[in-house]
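Visitor: Take the position in the sequence shown, starting the count at 1, then add 20; the result is the number in our numbering. First, the structure itself, so that you have it in front of you.
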Amino acid sequence: DLQLELDESIHQCDDLKEQVTVTERRNTLLAAELEELRGVVEQTDRMRKIAEQELMESSERVNLLHAQ
Numbered sequence: 021d022l023q024l025e026l027d028e029s030i031h032q033c034d035d036l037k038e039q040v041t042v043t044e045r046r047n048t049l050l051a052a053e054l055e056e057l058r059g060v061v062e063q064t065d066r067m068r069k070i071a072e073q074e075l076m077e078s079s080e081r082v083n084l085l086h087a088q
């Protein structure tokens, strides 16, 4: 009877170890994905700032042409 309890405890422990391993792998993948998304956000923000600057310069040129 005690042996059955021990076997069950060992089995549960092995299952938990496997769950921890799977969770750690998942966390590693999610961390990598998060870092990639941060890079995309930074790049998008840089491109947005460039587009805003180009729009402002174009608007200034249009205003100068209308002023002539």
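Every residue gets a Cβ at the ideal spot worked out from N, C-alpha and C, and that includes glycine. Since this is a predicted model, take the numbers as computed values, not measurements.
Return helix, strand or coil for residue 23, following the three-state DSSP convention.
Guide: By one-based count along the sequence shown, residue 23 stands at place 3. Residue 23: helix per DSSP, three-state reduction.
Visitor: Could you tell me the alpha carbon to alpha carbon distance between residue 46 and residue 79, rounded to whole angstroms?
Guide: Counted from its first residue, the sequence shown places residue 46 at position 26. Counted from its first residue, the sequence shown places residue 79 at position 59. Spanning the two alpha carbons is a distance of roughly 48 Å.
Visitor: Quick check on DSSP: helix, strand or coil for residue 73?
Guide: What you label residue 73 is simply residue 53 of the sequence shown in a count that begins at 1. If DSSP states are grouped into helix, strand and coil, residue 73 belongs with the helices.
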